[in-house]
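Data first, discussion second: the structure below is written as structure tokens.
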Amino acid sequence: MGDRLRKSRAHDNSYAPVQNTSPRGARAYNRTPYVQPSTSPAPMPSSSTPLVGRPHRPGYSHVRSQSSVDYNRTETTQAVATGAIGGAFGPYSYEHTPAPPPPREAQGHRRQGSVSRFTNTPSHSSHSHDAHAPGRQHSRRAAAAPAGATSTTAGAFLYDTKDPELDDELHNPAALRKLDRQCDLFSGRGWMNVGAIIIICLGLIILFCGYPVIIAFHKPHLLGGGYNLGGINGSGQVPDLPNLPSLIDKDTPDEARTRTGFDGQKYNLVFSDEFNVDGRTFYPGDDPFWEAMDYHYWPTGDLEWYDPAQAITKGGALVITLEEVRNHDLNFRSAMLQTWNKFCFTTGYIEVSVSLPGNAHTPGYWPGAWTMGNLGRAGYGATTEGTWPYSYDSCDLGTFPQQITKDNTPEVSYRTGLSSLPGQRLSSCTCPGSEHPGPSVSKGRGAPEIDIIEAQINNYLRHGEVSQSLQVAPFNAGYYWGNSTPATTLYNNDQTFINTYRGGPYQQCVSCVSSTNSSNYVDGGGGFGKYGFEYWSNPKRRSEGFVTWSVDGEAMWTATSSAVGPDSEAQISQRIISEEPMYIILNLGLSPSFQGIDFKNLKFPATMLVDYVRVYQRAGHENIGCDPSSYPTADYINNHITAYTNPNLTTWDAANFTFPRNSLYDGC
Numbered sequence: 001m002g003d004r005l006r007k008s009r010a011h012d013n014s015y016a017p018v019q020n021t022s023p024r025g026a027r028a029y030n031r032t033p034y035v036q037p038s039t040s041p042a043p044m045p046s047s048s049t050p051l052v053g054r055p056h057r058p059g060y061s062h063v064r065s066q067s068s069v070d071y072n073r074t075e076t077t078q079a080v081a082t083g084a085i086g087g088a089f090g091p092y093s094y095e096h097t098p099a100p101p102p103p104r105e106a107q108g109h110r111r112q113g114s115v116s117r118f119t120n121t122p123s124h125s126s127h128s129h130d131a132h133a134p135g136r137q138h139s140r141r142a143a144a145a146p147a148g149a150t151s152t153t154a155g156a157f158l159y160d161t162k163d164p165e166l167d168d169e170l171h172n173p174a175a176l177r178k179l180d181r182q183c184d185l186f187s188g189r190g191w192m193n194v195g196a197i198i199i200i201c202l203g204l205i206i207l208f209c210g211y212p213v214i215i216a217f218h219k220p221h222l223l224g225g226g227y228n229l230g231g232i233n234g235s236g237q238v239p240d241l242p243n244l245p246s247l248i249d250k251d252t253p254d255e256a257r258t259r260t261g262f263d264g265q266k267y268n269l270v271f272s273d274e275f276n277v278d279g280r281t282f283y284p285g286d287d288p289f290w291e292a293m294d295y296h297y298w299p300t301g302d303l304e305w306y307d308p309a310q311a312i313t314k315g316g317a318l319v320i321t322l323e324e325v326r327n328h329d330l331n332f333r334s335a336m337l338q339t340w341n342k343f344c345f346t347t348g349y350i351e352v353s354v355s356l357p358g359n360a361h362t363p364g365y366w367p368g369a370w371t372m373g374n375l376g377r378a379g380y381g382a383t384t385e386g387t388w389p390y391s392y393d394s395c396d397l398g399t400f401p402q403q404i405t406k407d408n409t410p411e412v413s414y415r416t417g418l419s420s421l422p423g424q425r426l427s428s429c430t431c432p433g434s435e436h437p438g439p440s441v442s443k444g445r446g447a448p449e450i451d452i453i454e455a456q457i458n459n460y461l462r463h464g465e466v467s468q469s470l471q472v473a474p475f476n477a478g479y480y481w482g483n484s485t486p487a488t489t490l491y492n493n494d495q496t497f498i499n500t501y502r503g504g505p506y507q508q509c510v511s512c513v514s515s516t517n518s519s520n521y522v523d524g525g526g527g528f529g530k531y532g533f534e535y536w537s538n539p540k541r542r543s544e545g546f547v548t549w550s551v552d553g554e555a556m557w558t559a560t561s562s563a564v565g566p567d568s569e570a571q572i573s574q575r576i577i578s579e580e581p582m583y584i585i586l587n588l589g590l591s592p593s594f595q596g597i598d599f600k601n602l603k604f605p606a607t608m609l610v611d612y613v614r615v616y617q618r619a620g621h622e623n624i625g626c627d628p629s630s631y632p633t634a635d636y637i638n639n640h641i642t643a644y645t646n647p648n649l650t651t652w653d654a655a656n657f658t659f660p661r662n663s664l665y666d667g668c
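Encoded structure:
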């Protein structure tokens, strides 16, 4: 065999001579791509198939030469596949002590299993070839080439992922497992990890805690009214956001932002709405301050249904439209706006600029601008039962149902049917532990009413008038209130006179009537009249209380606390000028209970225009919000929310609530 190898090497040095380890002898292969060797013999190609092999040696026949080429090709292929050739070359070959070649008889059998090509014994032929190769020097590294294995497949000698990487100790699985068993809490790497975590945590704390604190200290503090961001209303803070209404309308002229009161005090503007933005609507949730009602206002027997669609802003004014249209089994439809539980104020001056509907000659329309205590929601009968129009803080007969005892005394109240009210629900006689808005059960609470205007037409003189009133309970005998000086003062007897209507079994009306300018009607010139009232109340000095009403900026009349003082005949005590947070109501109605209606001459649709609403308060005494600490309402409303959100509930009992016990009337 050695002679044959030398002859072969003399003709072609392109292949390395190897031992013939194949038990099957030479085979010829066609020119198909190399296929991984298997245990089954490859098929013999036909004689016509072109062979690829070494150059023909001189003196050999074509057949012999071809057999020799095939034989050597087979040997080379097998040696490369098994790793006998090439394993000792390159920079990553192993240097280890070569093992002796396997016995010859062992070479004739294929071992089962897989052996790494990096651990096999180098072949003698590979070593010998390297030593005699032209242009090469003998290398011990080359001598360490792994020997060919006898696996049945070449795949077993390819790189195995379980073997260590030659170039990187970190990729040695065994080394990694060894590292995993090590634990050093005080290593440099551990300190770096802990330090990184601490830095990240400190950064998060500074971002979410420190940054807001820094911003808060550098941010200028607002100095608006109330006790938070411009004041607090019943639904939370009133934000001042771009393109959204604020408490003070930006369109309010600077000269209108302060005034001198009829009492000589300086007043500052705390709320205004100029209605200059066209297209505003007042469905629930549309506006932060106003909400249009969607119900029938049954308490006064109105003929219209209040619908939010009837109130919009147009031409720089609020437009409330009363039209004749069949709906909800009624013949008319109009609108009522409220700021209930959204904006309230306690003491101050409120002024509205209004163009009244129709003209100054045809009676029937009932336009109104008025205020009411937040504990009673207008039109929600369950909430007003026992609260409207009480403004009373005494524990006596005035808190009883119908203002009489169980023995039907006093006689004046019993005999005349003075009152049909169910008694003051939230009186100062409330038994301890009962439901009460506070601040204590001994504080008398209610929902008094102060009217800016209720416009009417004098049927005899056929000119326009506005009644300006204070509604109170309990009642004087015969509803007579202190309408003489100094309790009451009229400033212009030619324009203002005491209202002949003094009240009825559901309210006592402290009221005067003033003439209007006929040009301040939509159909009488389209002008706007200014109507308002200024009031003051002091829980510590209730004798200071008063209300002064005005028309076009001039005071018309004043009612002091003496006008609603004690009445020994009715056995009641002082009624107080409202100390409750008051909200605003604007509406246009139609009711025969207010005045006769001239359907023949009334025109529909009719409109009431409101140019602005402005609220002022004494400098240093700003108090806006529907839930002030001295007269809270929010918790009580939330605890009885069914009554405050369902207008179909007409009594407190219908809302599944009961009146608290009265210590004088029921006992505790």
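Position 484 (the sequence shown) corresponds to 484 in UniProt numbering; numbering is contiguous.
The C-beta atom is built at its ideal place from N, Cα and C for all residues, glycine as well.
As the structure is a computational prediction, the values presented were derived from the model and not from experiment.
Extent of the continuous alpha helix (DSSP H) to which G190 belongs = By one-based count along the sequence shown, residue 190 stands at place 190. G188 to I205 is the span of the alpha helix (DSSP H), which, as asked, contains G190.
Determine the extent of the alpha helix (DSSP H) in which S413 is found, giving its start and end residues.
-> By 1-based counting over the sequence shown, the position of residue 413 is 413. Taken as a continuous stretch (DSSP letters only), the alpha helix (DSSP H) holding S413 covers E411 to T416.
Contiguous alpha helix (DSSP H) assignments of at least 4 residues, all confined to the region 365 to 437 = Counting whole runs of 4 or more residues, the region 365 to 437 contains the alpha helix (DSSP H) stretches 381 to 384 and 411 to 416.
Is F599 buried or exposed, if buried means 16 or more other CB atoms sit within 10 Å of its CB?
-> Position 599 of the sequence shown, counted from the start, is the residue given in the question as residue 599. By the 10 Å Cβ count, F599 comes out exposed.
Leaving aside the five residues before and after R661 along the sequence, list all residues of the same chain whose C-beta is less than 8 angstroms from its C-beta, in chain order.
-> As a working note, residue 661 is residue 661 in the sequence shown. Correct list, in chain order: T430, C431, S434, G667 and C668.
Any idea what DSSP makes of I597, helix, strand or coil?
-> Counted from its first residue, the sequence shown places residue 597 at position 597. Here I597 sits in coil by DSSP.
Between N538, K250 and P566, which lies nearest to V277 when the distance is taken from Cα to Cα?
-> Numbered from 1 along the sequence shown, position 277 holds the residue referred to as residue 277. Out of N538, K250 and P566, K250 has the C-alpha closest to the C-alpha of V277.
Spatially closest choice to C626 from S427, L375 and F659, by CA coordinates = In the sequence shown, the residue the question calls residue 626 occupies position 626. If we check each option's Cα against that of C626, L375 comes out closest.
Contact set for Y479: own chain, Cβ-Cβ below 7 angstroms, skip 5 residues either direction = Along the sequence shown, read from residue 1 onward, the residue named residue 479 stands at position 479. So the list reads R502, G503 and Q508, once near-sequence residues are dropped.
Extent of the continuous alpha helix (DSSP H) to which V213 belongs | On the sequence shown, position 213 is the one that residue 213 refers to. Y211 to H218 is the span of the alpha helix (DSSP H), which, as asked, contains V213.
Where Y644 and Y636 are concerned, what is the direct C-alpha to C-alpha distance, given to the nearest angstrom?
-> Locating residue 644 in the sequence shown gives position 644, counting from the first residue. Locating residue 636 in the sequence shown gives position 636, counting from the first residue. Approximately 10 angstroms between the Cα atoms of the pair.
In three-state DSSP terms, what is G264?
-> Position 264 of the sequence shown, counted from the start, is the residue given in the question as residue 264. Here G264 sits in coil by DSSP.
Roughly how many whole angstroms lie between the Cα atoms of I215 and Y535?
-> Stepping through the sequence shown from its first residue, residue 215 is reached at position 215. Stepping through the sequence shown from its first residue, residue 535 is reached at position 535. One C-alpha to the other measures close to 41 angstroms.
Rounded Cβ spacing between P628 and T346 (contact assumed at less than 8 angstroms) = Counting from 1 along the sequence shown, the entry for residue 628 is found at position 628. Counting from 1 along the sequence shown, the entry for residue 346 is found at position 346. Going by Cβ atoms, the distance from P628 to T346 rounds to 6 angstroms, so yes, they are a contact pair.
Segment contact, 8 angstroms Cβ cut-off, at least three pairs: the region 558 to 565 with the region 335 to 354 = no
How would you call G472, buried or exposed, if buried means at least 16 neighbouring beta carbons within 10 angstroms?
-> As a first step, residue 472 must be located in the sequence shown, where it is residue number 472. Note on identity: in this sequence residue 472 is Val, with Gly being the wrong assignment. Burial call: buried.
How about A335 and N587: are their beta carbons less than 8 angstroms apart?
-> One-based indexing of the sequence shown puts residue 335 at position 335. One-based indexing of the sequence shown puts residue 587 at position 587. Against a cut-off of 8 angstroms, the Cβ pair of N587 and A335 comes out as a contact.
Cutoff 6 angstroms; reference G113; Cβ partners in own chain excluding five residues on either side = Against the sequence shown, residue 113 aligns to sequence position 113. Low local confidence applies: a pLDDT of 41 at G113 is under 50, so the model's placement there is unreliable, with the coordinate-based value given in what follows. Hits under 6 angstroms: none found.
Terminal residues of the continuous alpha helix (DSSP H) containing D451?
-> Translated into the one-based positions of the sequence shown, residue 451 becomes position 451. Taken as a continuous stretch (DSSP letters only), D451 belongs to no alpha helix (DSSP H), being part of the beta strand (DSSP E) at E449 to I457.
Return the first residue and the last residue of the alpha helix (DSSP H) that D249 is part of.
-> For the purposes of this step, residue 249 is taken as residue 249 along the sequence shown, with counting starting at 1. Note, D249: premise wrong, no alpha helix (DSSP H); not H, not E.
Mind checking whether L337 and A311 have CB atoms under 8 angstroms apart?
-> Along the sequence shown, read from residue 1 onward, the residue named residue 337 stands at position 337. Along the sequence shown, read from residue 1 onward, the residue named residue 311 stands at position 311. A contact, by the Cβ cut-off of 8 angstroms.
Rounded C-beta distance between R257 and L269? I'm assuming under 8 angstroms.
-> The residue given as residue 257 occupies position 257 in the sequence shown. The residue given as residue 269 occupies position 269 in the sequence shown. Indeed they touch by this definition, with Cβ atoms about 4 angstroms apart.
With DSSP collapsed to three states, give me the class of F271.
-> For the purposes of this step, residue 271 is taken as the residue at position 271 of the sequence shown. The answer is strand: DSSP assigns F271 an E or B state.
Which word fits S440, buried or exposed, when buried means at least 16 other C-beta atoms lie within 10 angstroms of its C-beta?
-> As a working mapping, residue 440 is identified with position 440 in the sequence shown. Exposed, since its Cβ has fewer than 16 Cβ neighbours within 10 Å.
Segment contact flag, the region 608 to 616 with the region 513 to 528, C-beta cutoff 8 angstroms, min 3 pairs = yes
Residues bridged to Q495 [DSSP beta-bridge criterion] | Within the sequence shown, residue 495 is the residue found at index 495, counting from 1. According to DSSP, Q495 bridges with nothing at all.
Cβ of V551 within 8 angstroms of Cβ of S518?
-> Position 551 of the sequence shown, counted from the first residue, corresponds to residue 551. Position 518 of the sequence shown, counted from the first residue, corresponds to residue 518. It is not a contact, given that the beta carbons lie outside the stated cut-off.
Output the distance between the C-alpha atoms of S46 and E75, rounded to the nearest integer angstrom.
-> Here residue 46 refers to the residue found at position 46 of the sequence shown. Here residue 75 refers to the residue found at position 75 of the sequence shown. Any reading at S46 is ruled out, since the residue's pLDDT is 44, under 50, leaving its predicted position unreliable.
For C668, which residues does DSSP report across the bridge?
-> Here residue 668 refers to the residue found at position 668 of the sequence shown. Paired residue(s): none; C668 is not in a bridge.
Helix, strand or coil: which one does DSSP assign to Y644?
-> Looking up residue 644 in the sequence shown gives position 644. Note: Y644 maps to helix in three-state DSSP.
Spatial neighbours of Q571 in its chain, beta-carbon cut-off 6 angstroms, leaving aside the 5 residues before and after | For this step, residue 571 is matched to residue 571 along the sequence shown. Same-chain partners within the cutoff: L397 and P410.
For G478, three-class secondary structure by DSSP | Along the sequence shown, one-based indexing puts residue 478 at 478. DSSP, read as helix, strand or coil, puts G478 in helix.
Look up I637 in the DSSP assignment and say whether it is helix, strand or coil.
-> Along the sequence shown, one-based indexing puts residue 637 at 637. Helix at I637.
Rank P474, I453 and A455 by C-alpha distance to the C-alpha of residue 670 and give the top, closest one.
-> Because the chain here runs from 1 to 668, residue 670 falls outside it and cannot be looked at.
Quick one: what's H296 bridged to in DSSP?
-> Start at 1 with the first residue of the sequence shown, and residue 296 comes out as number 296. Looking at the DSSP assignment, H296 forms a beta bridge with W305.
Go ahead and label R333 buried or exposed: buried means 16 or more other beta carbons lie within 10 angstroms of its beta carbon, across all protein chains shown.
-> In the sequence shown, the residue the question calls residue 333 occupies position 333. So R333 ends up on the buried side.
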